[in-house]
Amino acid sequence: MLHYVLFVILFVSAINCLGRRKCNEAYNLKGSKNRDTDCAIAPSLAKQESKRWNAVVGWHCDDEDEKLARALQESLDAELLPQRTLIKCAGCKTEIGRGNFEKFMGDIWHSECIRCRACNQLIFETEAFKDKDRLYHKSCYDRMCHVCFKIISANRHGIIPVWNKKYCYSHETDGTPRCCGCGQLEPIDVEYVQLPDDRNLCFECLHSSTMNNIECQPLYMDIQEFFEGLEMGVEQQIPLLLVERDALNEAVKREKNHHHDSLTIGMCLCEAHVIRTVVSKPRTEKGRRISIITVPYQLEQHWHVTAILVLYGLPRLFTGSILAHELMHAWLRLNGYKGLEPEVEEGICQVMAHKWLESELLAGSGSSSFSKFERKLAEFHIRLIEKNPSRVYGGGFRATKAAVNRYGLRRTLEHIKRAGDLP
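For reference, each letter of the sequence shown is one residue, going -17 to -1, 1 to 406 in mature numbering (1 follows the signal peptide of the UniProt record, and there is no 0).
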């Protein structure tokens, strides 16, 4: 049957071609005075050729076959025709119909969609500012809340560092979700992803988030190589565990040497070997019983790092800075640093996190795979470390960073080990 239908198609195409050829022959006849008449004769000539062809092959096409062939041919023609491209408005994302539309800032818009998102007034291209698919007057954008998109009253706004996005003070206490990765507040037209422990993630941070131990291993290896590049390799194979917030809080309660912060996001679990040693000569009491006096003796030079715990679900750069901080705790323990003041220990660990973020920012500046958002995210966490108001973490970082800038990392570490304080 398939061969039969294809033969019909070829035959119809041949007849059409023959008709066109006869028309061309008639059109080009030398001395023809009426070319319209010649073209009218051509189909008749083609029909005569068709009859002669039928007489030769002994085949006739009935009406049913002809209809089938024509339908199949039309179907094939339809598939070859280019599909009409649907043009959508850059603002409302609906199809541009026959209504009013115009090109504005490089895109096609419905005329009624070309309005300022903040004040809802008409806008001209010379005074327009575009943020994603939203249009604003430049003056409105500078005074707009990036959460509710309303104009903020003077002196009644906050600013998220690095992102330079203003917001109404009321959003600090009205339950507006904040991304735990980048600190940005959730706009009313976007819905953040909520993790099981009630933390929220924006979609940009979700894209690079580390959700389990396997996903985090390549990053962990990068941090270890970073330490090795500073000639500070960690010889012990320390397990890395990504955990929920509740598990991290439980570990904090059990760990005696941890310096608590308002929100724990990482932790280095360590233990020292403790034995009891005899400090007095044995003496005989009544009967055959001998008594001794013992005191605990801590082998502080032989610390064992049990594991590094990191809060799961954070973006890669944030997770990496936590890993660098906690791995520095492990390095200090394994290399005999003891009895350090919290400001000194947390300060040098924050310096390592800061140095890793700076190295990532420098390496990513020439890479096309390092997005604009990632660059901003690195700058955001660098700034958080630098501006941390905590006496232990913020003050400790700034004092230790000043010492490292003046004496270098190696000399600063040597002095800390020898004196237990900053140079």
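Backbone N, C-alpha and C fix where the C-beta goes; we use that ideal spot for every residue, glycine too.
Here's the rule I'm using: 16 or more other beta-carbon atoms within 10 Å means buried, otherwise exposed. How should residue i be labelled?
i: I399; result: buried
i: H312; result: buried
i: F173; result: It should be noted that the sequence gives Val, not Phe, for residue 173. It is exposed - the Cβ of V173 has fewer than 16 other Cβ atoms within 10 Å.
i: K384; result: buried
i: R366; result: exposed
i: S304; result: buried
i: H190; result: exposed
i: C75; result: exposed
i: G41; result: Because G41 sits at a pLDDT of 47, beneath the cut-off of 50, its placement in the model cannot be relied upon, and the following sentence gives the value as read from the coordinates. With fewer than 16 Cβ atoms within 10 Å of its Cβ, G41 is classed as exposed.
i: W302; result: The identity of residue 302 in the sequence shown is Thr, whereas the question assumes Trp. Buried is the call here.
i: T77; result: exposed
i: H43; result: Any reading at H43 must be qualified, since the residue scores a pLDDT of 48, below 50, and its modelled position is unreliable; no value is offered.
i: L213; result: exposed
i: E326; result: buried
i: R100; result: buried
i: M88; result: exposed
i: G391; result: exposed
i: R299; result: buried
i: I171; result: exposed
i: R394; result: exposed
Can you round the beta-carbon distance between residue i and residue j to whole angstroms, since I take them to be within the 8 Å contact cut?
i: C162; j: N183; result: 6 Å
i: I197; j: C251; result: Actually they are not in contact, since the Cβ atoms of I197 and C251 sit about 21 Å apart, beyond 8 Å.
i: residue 407; j: L224; result: Examination of residue 407 is not possible in this model, given that the chain is present from -17 through 406 alone.
i: F210; j: G216; result: 6 Å
i: R98; j: I106; result: 6 Å
i: K148; j: Q177; result: K148 to Q177, Cβ: 21 Å. No contact.
i: M194; j: G296; result: 6 Å
i: A386; j: W339; result: With a Cβ gap of about 18 Å, A386 and W339 do not count as contacting.
i: L323; j: G249; result: Incorrect: roughly 18 Å between the Cβ atoms, too far for contact.
i: C72; j: C96; result: 6 Å
From the DSSP secondary-structure annotation, give me the bridge partner or partners of residue i.
i: F87; result: D90
i: E254; result: H287
i: N183; result: C162, Q177
i: L294; result: V226
i: G249; result: V293
i: E208; result: BP columns for E208 are empty, so no partner.
i: L168; result: R161
i: S192; result: P298
i: G71; result: It is Lys, not Gly, that sits at residue 71 in the sequence shown. According to DSSP, which records beta bridges pairwise, K71 is partnered with E78.
Would you say residue i touches the ligand FMN, meaning its beta carbon is less than 7 Å from a heavy atom?
i: G164; result: Of the ligands one can find in the structure shown there are none, so the ligand FMN has no counterpart to examine.
For the stretch 301 to 381, which segments carrying the alpha helix (DSSP H) assignment without a break, of at least 4 residues, lie completely within its bounds, in sequence order? Runs found: 325 to 347, 355 to 370.
Is the number of C-beta pairs between the stretch 377 to 391 and the stretch 331 to 344 that are closer than 8 Å three or more? Flag = yes, the stretch 377 to 391 and the stretch 331 to 344 touch.
Counting pairs of beta carbons, one from the stretch 312 to 322 and one from the stretch 346 to 360, are three or more of them closer than 8 Å? no
Just list the beta strand (DSSP E) runs in the stretch 97 to 143, keeping only unbroken ones of 3 residues or longer that don't cross its boundaries, in chain order. 111 to 114, 117 to 120, 140 to 143
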